[in-house]
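Residue numbering for the sequence shown follows UniProt numbering, starting at 1 and increasing by one per position. Cβ atoms here follow ideal geometry from the backbone N, Cα and C, with glycine treated the same way.
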Amino acid sequence: MSHSALYVARSLVGSRFLKHPGFFCVMTTTRNKSSAVSLLKKGKCSAVDRLENMSIKLGEAAHQVLVTPNAGGDSVVSECLSVEVLSRLLFSNDTTLIATEMDIRYFPSGGSMTDYLIKWGTANVSVSVTRVFDGADLDGASRILEKKLRGVAFARKSLFAPVQGSECSWILHIFVPNGKVAKLVKKAWGKLDESVRGGVVVVVTIWKETALYDRTR
């Protein structure tokens with residue numbers, strides 16, 4: 001992400017009265033990524049052991065996400081990495097975890113849920129995390145984006161604790177395996193109606209390690 005794009009992204013996220021959507025792409029380096037996903041997914045040792053053995057050190061917020069149960073499945077891995085990537089690249093490590101998925105309350109309940117809430121400076125930021133797999137076509141990417149963005153819209157209206165949805169900035173964080181899929185996602189996003197895109201900053205991270213896209217996880 002360029003310095004100018006980073007400035008715009010921070011400006012958008014920093015305003016909870018966000019009216020215009022934004023789309024940004026983050027390219028991670030190859031350094032240490034294999035140890036990150038592979039060690040996080042290993043079930044032979046505790047989460048703390050995995051952290052101690054990693055060549056990168058997770059920040060406190062990502063650590064909390066890693067060791068806290070979520071709504072189900074192994075999405076905790078991508079959620080943990082999401083916190084770390086956004087904290088390092090977008091928020092300059094100036095973040096505090098407010099709540100993880102199971103500690104967030106909605107009314108009415110039973111609809112789409114956000115994955116975690118963080119505090120960045122004075123801004124409350126709600127983040128939903130997803131992946132788009134290699135081999136996806138434009139229709140498939142469009143369906144994923146529309147489903148997730150409509151879910152974010154529902155969560156924004158129903159979120160009431162520990163903060164109100166109207167008091168948050170909203171990010172949809174998407175992991176993709178390569179630049180080709182990133183371009184596909186951007187094209188799909190551009191074709192969505194403004195009513196679907198509005199008020200959400202979409203951040204796409206190119207993360208090449210295939211373990212993150214294990215469909216059985």
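Query	Result
Do serine 78 and valine 127 have their CB atoms nearer than 8 Å?	no
What does DSSP give as the partner residue(s) for serine 126 in the beta ladder?	Leu117, Trp170
Reducing DSSP to helix, strand and coil, say where residue 219 ends up.	Past the boundaries of the shown model lies residue 219; the chain is included only from 1 to 217, so the question cannot be answered.
Rounded to the nearest angstrom, what separates glycine 198 and proline 69 at their Cα positions?	31 Å
Where does methionine 107 sit, in a helix, a strand or coil, going by DSSP?	It is phenylalanine, not methionine, that sits at residue 107 in the sequence shown. Reduced to three states, the DSSP call for phenylalanine 107 is coil.
Could you give the distance in angstroms between the alpha-carbon of asparagine 178 and the alpha-carbon of leucine 184?	10 Å
Since arginine 88 and alanine 161 are thought to touch, with beta carbons under 8 Å apart, how far apart are those beta carbons, to the nearest angstrom?	Rounded, the Cβ-Cβ distance is 28 Å, inconsistent with contact.
Tell me whether leucine 192 sits in a helix, a strand or coil according to DSSP, three-state version.	coil
If valine 125 sits next to cysteine 168, beta carbons under 8 Å apart, how far is it from one beta carbon to the other, in whole angstroms?	6 Å
Let me check one thing: in DSSP terms, what residues is phenylalanine 24 bridge-paired to?	Val203
Just curious, the alpha helix (DSSP H) that leucine 138 is in, first and last residue?	138 to 158
Taking the alpha helix (DSSP H) that alanine 62 belongs to, which residues open and close that run?	60 to 67
When you compare each of Gln164, Lys186, Lys157 to serine 112 by their alpha carbons, which one comes out closest?	Lys157
With DSSP as the reference, label valine 163 as helix, strand or coil.	coil
As a quick exercise: from Arg143, Tyr213, Thr205, pick the residue whose alpha carbon is nearest that of isoleucine 171.	Thr205
Quick check on the DSSP output: the beta strand (DSSP E) that includes leucine 97 runs from which residue to which?	95 to 100
Under the DSSP definition of a beta bridge, which residues are partnered with phenylalanine 175?	Arg131, Thr205
Tell me the DSSP secondary structure of leucine 212 in three-state form.	helix
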